[in-house]
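Those protein sequence lines, which keep their order, are chains A and B.
In terms of this note's numbering, the first sequence opens at residue 1 and continues consecutively.
In terms of this note's numbering, the second sequence opens at residue 1001 and continues consecutively.
Idealized CB from N, CA, C, for every residue including glycine.
Taking it in order: structure first as structure tokens, then the write-up.
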Amino acid sequence: MKNYLEIKNLDYSVNSEHILNDVNFNINKKGEIVCLLGPSGIGKTTILRSIAGLIKPRNGKITLKDKTLTSDNEFVEPEDRNISLSFQDNSLFPHYNVEENIKFGVKRSLFCSKNKNGPLGYSVDDLLDLFFIKELKKKYPHEISAGQAQRVSLVRSIIHNPDLLLLDEPLANIDQYLKNKIQDNLKQVLKKSGLTTIIVTHDKFEAFYLGDYCGVLLNKRIVQFDSPYNLHHLPKNKMVVEFFNRGVLIPAKIKSDDTLYNEDLGEIKGNFSNIDFQGRDQVDLLIQPEDLEHDDKSKLKFDVVDKKFRGSSFIYILKTHSNLMLPVFVHSHHEHLHQENEKFGIKQPIYIDHLVCF
Amino acid sequence: MQFYQNYFSKIKINFWLISSLLISSLICVPILIILSSFFTELSGYYKLLTETYLYTYVINTVILFIGVILFSFVFGVGIAYLVSFYIFPGSKFITWAIILSFAVPGYIYAYSLTAFFEYFGNLYSLLTFLFGEADYNKYMPRVDSMFGSILSISFSLFVYVYLITRVCFIYQSQNQIDAGRNMGFSKYQIFSKILIPAARPGIIAGLSLVAMETISDFGTVSFFNVQTLTTAIYDSWIFYDDLNTAYQLSFFLILFVFIFFSIEKFSRSRSQYNIPNKGYKTVEKTTLKGKQAFIASFFCFFIFFLSFVFPVSQMLFWVLKFPASFNLNEILTLSFNTSFLVIITTSILIFLSFLTNYGMRVTDSKLLSTVTNFSISGYAIPGIILSVTILTFASLLSNFFGNSFFKIIIIGTVFGMITAYCIRFYALAINGIKSGYEKLNKSIDDVSYLMGYTKFGTFIKVHVPFLKQNLVIIGMMVSIDILKELPITFILRPYNFDTFATKAYVFASQDMLEYAASPSLFLILFSSIFILFSRKFILKGF
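Laid out in structure tokens, this is it:
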């Protein structure tokens, strides 16, 4: 068997305006979770709708379990795909209560094709419990909040036990204090039931926690499809760096196969994550907040221009002689006394595990 | 394969287009016939008419129109303002009770006015009962025909203005009013600078509807013998057997009607900015006290009395006074006829409008929505013109095919009547289902497909249960309209086939008002029941 799900050369356009341009990615095995990350309005939802068969892409091929769903001359109707989609906006049937809404997907009738997968390992009540909406069972959609409706919609798409589960911003409207618990429970349900899932989100941490793999969608295409660890530490290009907005790029000169040189910071050692610079020796080096270390005794000192409190950490912004703004991460377990306009020392020699250069 | 798919999707779109195209082309018929009549030679009668009475007809139509507009404005906006912003004794009751006046068609109001003021009429009986025998006839005011028509039509139509204006008033946000106060506006300034301008599109839309119906009115003016364009059309067709003149007069009428139709459409679309959104805060009503409360109450109840209680009491009194005129068999037959028409028409309309609305939902076809927008303009064509042109069309078809098939199935048949009803009330059904569909998010269909339901399964399991209420309301509204409809039924009905409206009209035009009383009373009774059942929907601005 090849990949569980394959998406090849997916193009989509509305009125000659490109929404998606040559989107490719695969899910290798059943039960894997893939998260699609990207800014809003970039076409993440369009990918889900194409996979579900709600829109016809202009080009491209979608294969699920060795069966072609969409290609130039084949198209399986959405009702015959056995794919569930939980929509971002409220898509509950307004004239049915929560329980009826959820069972709408389970009850089979004359007008409904049969689901081959059989029942899920969880009952409706189990799921309602896990997502903290048990008490809403008899309520109608207009009587519950947007966040609750979203969880009902989530349960409704899961209980169907589909071949592929698509979740569009499933936790977007949920209060922060519940979010972590629900994320845990969602991951547990998906993993235990072996549901292959694609989750669209703009929350990086949600994607990193839930996804076995993440795809970053920028500029109408998937620019990097990788494990969460690699996405964070080894971004493939400047666009990804900018999207995560985690560090700064500084000019540097390649000295040897493990050394770089920057005018302000001096020598920087480490392992190059990519080495193809087409013969250039002048490159842009990515400095992420945790790359540089604080050291009061160091001779290398810069001015503090800003200090951001992030709960478990501070991020200091330092200004170098050539006006670079460097972020430095410091644990917050003791109150740091460095104030703005004070000097801040950086530990030398500088060693960075992953040297990401462009 | 690709070719086949494209071909198939085209066929699908054409399938949805059928009903819209059907109705649209039927609507084109009257317009085309009327326009083409302008290129035929003018008849001698038309020339005579232009030299003699045409001017009078137009003037009469204009006077009638101005009078009705003035009264409808005062009654409609006045009551809407009072019940939307104030609490006074009976304000809650009046809010819905006032729409009962919608159950009394203008011509029946005309009968009651006449019955009340005529020699030895109901006023005479009342005075005799109160003060004993005397020659009251001498002092009895005569109802002027023009003034009588204006009153009758105003009382039966002002509810349009009330309904649309009220919706505009209640959807205003208290925040706007508070903002006005904050800027130091007085109560009067708030009314004139904030409330009225915001409700203006609604008021104009309501008045345009009233204007359209007024100048197309046939029953009231023909009963009072006021010569207007509609009666002139009828006379030149029936008495002078001059169809061309009828068409040329129709042209003027249709011109007027379409001006108001366009104003109404334009104003309605502008009044959309009143639809509430987030941050909207409902208006806080002020409780009136003392003299103010009395005046408000008195004004509303006076209008309610005049527009509903008065005509009902007149008809009731007459039925009781002449028990011989009440014929149970006749009432049963009329009820049966009316329900028959209602059921068939409603079923056809619901089928057609489901087809079109569902088509618009799944295809997103621009052509389809354009055609549909045109096809709902049928409600603007005056009933009398619609009927006359349908008859002409049947003859044209028969002549074209060289047999009398079309004449036989259309002229003087229930089929012909129902065709005309469908053209006229198509808008009602289309909009009734459309407003329901607008509340059903499109992604809901997608959810259903993804759960394995087919398109048809989604329609049956999701759409139909959701639109149940809309279906009932369409049925009610069509029933009220068919009950009250006069010219189409009167002209197109088969021999000896009557509804409450035609029965009452026939008796009234033969000066046998006491016999017109019981069909009129039952007409009002049934319409009132339907109005009461659908009042929640009607109050939303239908």
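If you draw a 10 Å sphere on the C-beta of N82(A), you find 16 or more other C-beta atoms in it, and that means buried. Distances from the alpha-carbon of D168(A) to those of L85(A), G215(A), R280(A) put L85(A) closest. In the DSSP annotation of this structure, the continuous segment of the alpha helix (DSSP H) that includes V1414(B) starts and ends at 1414 to 1438. Contact check for S13(A) against R49(A) fails: the beta carbons are separated by 8 Å or more.
At the C-beta level, L64(A) and V216(A) stay beyond 8 Å of one another.
By the criterion of at least three beta-carbon pairs nearer than 8 Å, the region 1145 to 1155 of chain B is not in contact with the region 1248 to 1263 of chain B. Closer than 7 Å at the C-beta level to chain A, one finds these residues of the region 1445 to 1461 of chain B: D1446, V1447, Y1449, L1450, M1451, G1452, Y1453, T1454, F1456, G1457, I1460, K1461. Take T1114(B), set aside five residues on each side of it, and the residues of its chain with a beta-carbon closer than 7 Å to its own are V1143, L1513, in chain order. Residues of the region 277 to 292 of chain A with a C-beta less than 9 Å from any C-beta of chain B: none at all. Proximity of chain B to I83(A) at the Cβ level (cut-off 8 Å) is accounted for by L1450, in chain order. Around E99(A), no beta-carbon contact reaches into chain B at under 9 Å, the shortest distance being about 15 Å. Note that the C-beta distance between I1295(B) and S1353(B) is not below 8 Å.
Ranking T320(A), T259(A), H331(A) by CA distance to the CA of E293(A) puts H331(A) first.
The Cβ of S193(A) sits no closer than 8 Å to any Cβ of chain B.
Following the DSSP letters along the chain, one finds E267(A) inside the beta strand (DSSP E) bounded by residues 266 to 272. Among the bridge pairs identified by DSSP, V1077(B) is matched with none. For the pair I1538(B) and I1531(B), the CB atoms are nearer than the 8 Å cut-off. Residue environment: F1351(B) is assigned as exposed (fewer than 16 neighbouring CB atoms within 10 Å of its CB, all protein chains considered). S13(A) is bridged by DSSP to H18(A). For P1030(B), not one C-beta of chain A is nearer than 8 Å to its own C-beta. I1150(B): member of the alpha helix (DSSP H) spanning 1145 to 1170, first to last residue.
At a cut-off of 8 Å between beta carbons, F1466(B) contacts chain A. Looking at the DSSP output, F344(A) bridges to F302(A).
For G31(A), the closest alpha carbon among the candidates Y213(A), Q224(A), D296(A) is that of Y213(A). With respect to V1388(B), W1237(B) sits close: the two C-beta atoms are nearer than 8 Å. P251(A) places its beta carbon less than 8 Å from that of Q282(A). In terms of beta-carbon proximity, L54(A) lines the interface with chain B, with at least one pair separated by less than 8 Å. Between L190(A) and I33(A), the CB-CB gap stays under 8 Å. Listed in chain order, the positions of the region 1357 to 1370 of chain B with a beta carbon within less than 8 Å of a beta carbon of chain A would be empty, since no residue qualifies.
In the three-state reduction of the DSSP assignment, N117(A) falls in the coil class. Within chain B, the residues placing a beta-carbon under 9 Å from that of E79(A) are S1448, Y1449, L1450, M1451, G1452, Y1453, T1454, K1455, G1457, T1458, ordered along the chain. If you ignore the 5 residues before and after Q88(A), its C-beta comes within less than 6 Å of the C-beta of D168, E169, all in its own chain and listed in chain order. With respect to the C-alpha of R1361(B), the residue from S1313(B), L1316(B), Y1379(B), I1430(B) having the closest C-alpha is I1430(B). For N9(A), the closest alpha carbon among the candidates S145(A), M239(A), N21(A) is that of N21(A). Q339(A) has no beta-bridge partner at all, per DSSP.
A252(A) carries a strand assignment under DSSP once its states are collapsed to helix, strand and coil.
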